[in-house]
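Heads up: the sequence shown is residues 1 to 272, going by UniProt numbering.
Here's the structure, in structure tokens; my notes come after.
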Amino acid sequence: MPSKLPSETSLLEMLNNHGECSSAVGVTPNSSDEASGLIINLLGPAHISGQDSANLISDDDKENAGDKKRKKASTAKHPVRRTEHSALSRWKRDTNQTYPLEYSWTFWITDPEKDWHKALERIQNFSTVHGFWQLFNVLLEPSAFRHYTYNLFKKGIRPEWEDPANKTGGKWSVGQAWSAPRVDEVWLDLCLICIGGYELGKYSSHVNGVYVTWKPEGARISVWLNTIDKDTVVPTGQIIQKCLQLSLKKKLPMEFAYFKTTRGKNRVLYSL
1 MPSKLPSETS LLEMLNNHGE CSSAVGVTPN SSDEASGLII NLLGPAHISG QDSANLISDD
61 DKENAGDKKR KKASTAKHPV RRTEHSALSR WKRDTNQTYP LEYSWTFWIT DPEKDWHKAL
121 ERIQNFSTVH GFWQLFNVLL EPSAFRHYTY NLFKKGIRPE WEDPANKTGG KWSVGQAWSA
181 PRVDEVWLDL CLICIGGYEL GKYSSHVNGV YVTWKPEGAR ISVWLNTIDK DTVVPTGQII
241 QKCLQLSLKK KLPMEFAYFK TTRGKNRVLY SL
């Protein structure tokens, strides 16, 4: 297992200037997945061109993709990414370093236009800070495609509550309904908190992933854990709440719900 990042440097401090990685694409979908066509929808046109685009999507994929999806990708307005972050301002990242993460992660998308059994698609794995930004900087933010569910989970864990790693745990729901562009900021913050692991410390092993889904009233964002143990769940939620408060300058209400109930409904166990 790769070692954690240096203890004296938090990932949130390391990743200022993350936009400087946007030209270093080099991310290719796993050939065993059916993700290439979906990535056409998710790419930010402002972030790729020429050879970079070819690295992500083959000529055959481009030809086979529907005109409607290609039009969406070419006309979607890509929100301006933040170049500074209140928790990132003390460190300028050295882009020559890869910085291995404690865990490998997978970015998933749920496409509601597909059959339920095929709706969930794995886009890409990564195991370094550099790999995260390579992928993140060429994908549109959640607010750009509100009919998709965005998921970032540890490799080997599917973003479904039925997954063995999830079904005995629960989720911290962060805030209420979110609108653009704030949902994109919270999504980024939570991804960094979870993949970095430094802020979470010993609780990092209990965090499975980040989940963003859209409802009529706005986006719902949650962090999924593999346990409902109070001595683990509550401190983990407090750390997440504190990190987001530092970034957003406000304290967000949070509720933790248990996935497994007899009636199939989430039951709130803890609130912050």
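For every residue, glycine included, the Cβ atom is placed at its ideal position computed from N, Cα and C.
- As a beta-bridge residue in DSSP terms, Ala-257 pairs with Lys-171, Val-268.
- The C-alpha of Thr-98 lies about 15 Å from the C-alpha of Trp-105.
- Rounded to the nearest angstrom, the Cβ distance from Val-129 to Leu-101 is 7 Å, consistent with a contact under 8 Å.
- Contact between the region 122–138 and the region 168–180 is not established, with fewer than three Cβ pairs separated by less than 8 Å.
- By the CB criterion at 8 Å, Trp-214 and Lys-171 fall outside the cutoff.
- Rounded to whole angstroms, the gap between the alpha carbons of Pro-112 and Glu-121 is 11 Å.
- Following the DSSP letters along the chain, one finds Trp-187 inside the alpha helix (DSSP H) bounded by residues 182–196.
- For the set Phe-132, Trp-116, Trp-187, the Cα lying nearest the Cα of Glu-160 is the one of Trp-116.
- Boundaries of the alpha helix (DSSP H) around Trp-133: 129–136.
- Per DSSP, Ala-144 has no beta-bridge partner at all.
- Residue Pro-216 holds the alpha-carbon nearest to the alpha-carbon of His-147 among Ile-228, Pro-216, Leu-188, Ile-240.
- Straight-line spacing of the CA atoms in Tyr-203 and Ala-144 works out to 32 Å.
- Leu-192 places its beta carbon 8 Å or farther from that of Gln-238.
- In the structure shown, Tyr-103 falls within a strand segment according to DSSP collapsed to helix, strand and coil.
- As computed with DSSP, Gln-124 is found in a beta bridge with Phe-107.
- For Trp-214, the secondary structure class from DSSP, reduced to helix, strand or coil, is strand.
- Looking at Ala-219, Gly-197, Gly-209, Thr-232, the one whose alpha-carbon comes closest to that of Glu-141 is Ala-219.
- Beta-carbon to beta-carbon, Leu-252 and Gln-241 are separated by about 6 Å, close enough to satisfy the 8 Å threshold.
- Secondary structure remark: continuous beta strand (DSSP E) runs of at least 3 residues inside the region 223–255: none found.
- Residue range 149–154 is occupied by the beta strand (DSSP E) that includes Thr-149.
- With respect to the C-alpha of Ala-257, the residue from Lys-114, Tyr-270, Gln-245, Leu-246 having the closest C-alpha is Tyr-270.
- Taking all protein chains in view, the Cβ of Asp-231 is surrounded by fewer than 16 other Cβ atoms within 10 Å, so the residue is classified as exposed.
- Cβ atoms of Asn-125 and Lys-155 come within 8 Å of each other, at about 6 Å.
- Judged by DSSP in its simplified three-state form, Trp-116 adopts helix.
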